[in-house]
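A short write-up of the structure that comes next.
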Amino acid sequence: MTRSYGKPAVRSVAAIKFAGVVAAVSLHVAVLGMVFIAPAAEMVEPSMDEGTEIHFVELADVVDEVAQAPTEQVPDNVEEQPEPVIEPIIDPVPEPLAESDPVAEPETLPEPVVELEPEPLPEPEPEPEPEPVVVPKPQAKPTPKSKPKSQPKLQAKAAPVSQPSPKPTTAPVNTAPSAPPANTPAATSPSPIPDNKPRMVSRVDYLGKRPMPVYPRSSQRRQEQGRVVVRVLISAEGKVLDVQVRSSSGFDSLDQAAIKAARSARFKPYTENGIAYRAMADLPFDFVL
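So the mapping is simple: our numbering equals the position in the sequence shown, first residue as 1, plus 221.
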């Protein structure tokens with residue numbers, strides 16, 4: 222690899238040229254400044270004897286003089302300096318840390334098992350006990366009384382007679398059986414007959430909203446108030462069959478309004494063990510101003 226040693230000389234020549242140009246420009250600027258700054262009154266026309274000479278220097282001459290300046294001669298036989306070898310930077314390998322003794326982990330105690338007490342099951346609602354079915358007991362037949370034994374005595378008295386004595390006839394005694402056999406129909410309990418008697422209930426379920434009675438205007442004008450309790454007979458289908466006043470308010474108009482409201486009600490059928498029955502319930506209606 223060869224190196225060029227003429228570059229410093231070229232740089233010095235260029236610097237000298239630049240310095241000469243700057244000096245010439247500075248001189249021209251200074252002369253022009255003195256001409257324009259001097260006052261006009263003091264300006265005196267120069268006589269023919271006294272004159273001012275202005276010499277203009279050409280830049281080319283300055284450059285030629287600078288170019289002709291002797292340059293430093295560089296010896297040809299210059300030992301080439303070896304290029305510096307850039308050694309790769311090797312990152313230091315971190316020394317392995319000394320193996321420390323394993324830290325013994327604290328023994329974790331098992332969490333205590335808390336036995337949850339089973340929630341008590343809700344007590345089943347007691348089913349209504351069915352009405353006992355009365356099985357009629359079979360009536361024992363009266364045992365026939367045996368005939369008096371007077372006849373053998375009479376026959377005994379007539380023994381001397383040659384006529385043959387008839388044998389005494391005794392009627393068979395019919396005794397009532399102690400228990401009917403298992404195959405008899407009396408032993409089997411009769412099937413329960415559906416009971417059509419209405420059940421008296423304290424609470425009923427409406428189909429929709431509870432009916433509200435209409436307050437009569439005449440009762441409002443007369444300031445009539447009170448409570449009316451009516452008893453409603455409900456069919457197995459939930460329809461109102463009959464309405465009766467159980468407790469009157471003391472005013473007929475209020476009682477009639479309560480009866481009308483009760484007749485317009487619709488109920489859910491009352492059931493026991495999945496069987497619908499007729500039901501009776503008391504419904505109160507309050508009339509308050």
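Even glycine gets a Cβ: it sits at the ideal position worked out from N, Cα and C.
Collapsed DSSP secondary structure at residue i in the structure displayed
i: residue 457; result: coil
i: residue 283; result: Confidence is the limiting factor: at residue 283 the pLDDT is only 48, short of 50, which leaves the residue's position unreliable, though a coordinate-based value still follows. Note: residue 283 maps to helix in three-state DSSP.
i: residue 253; result: helix
i: residue 248; result: helix
i: residue 473; result: helix
i: residue 464; result: strand
i: residue 431; result: coil
Pair within 8 Å by beta-carbon distance, residue i and residue j
i: residue 453; j: residue 464; result: yes
i: residue 419; j: residue 501; result: yes
i: residue 468; j: residue 440; result: no
i: residue 504; j: residue 451; result: yes
i: residue 449; j: residue 470; result: yes
i: residue 446; j: residue 508; result: yes
Identity of the residues DSSP links to residue i by a beta bridge
i: residue 496; result: 493
i: residue 421; result: 501
i: residue 447; result: 508
i: residue 452; result: 465 and 503
i: residue 239; result: According to DSSP, residue 239 bridges with nothing at all.
Same chain only: Cβ atoms within 6 Å of residue i, ignoring 5 sequence neighbours per side
i: residue 485; result: 432
i: residue 506; result: 434, 449 and 479
i: residue 466; result: 451 and 476
Cβ-based neighbour list, residue i, same chain, cut-off 7 Å, excluding 5 preceding and 5 following
i: residue 457; result: 490, 497, 498 and 499
i: residue 488; result: 425, 426, 427, 428, 455 and 459
i: residue 472; result: 440, 445 and 447
Cutoff 8 Å; reference residue i; Cβ partners in own chain excluding five residues on either side
i: residue 421; result: 500, 501 and 502
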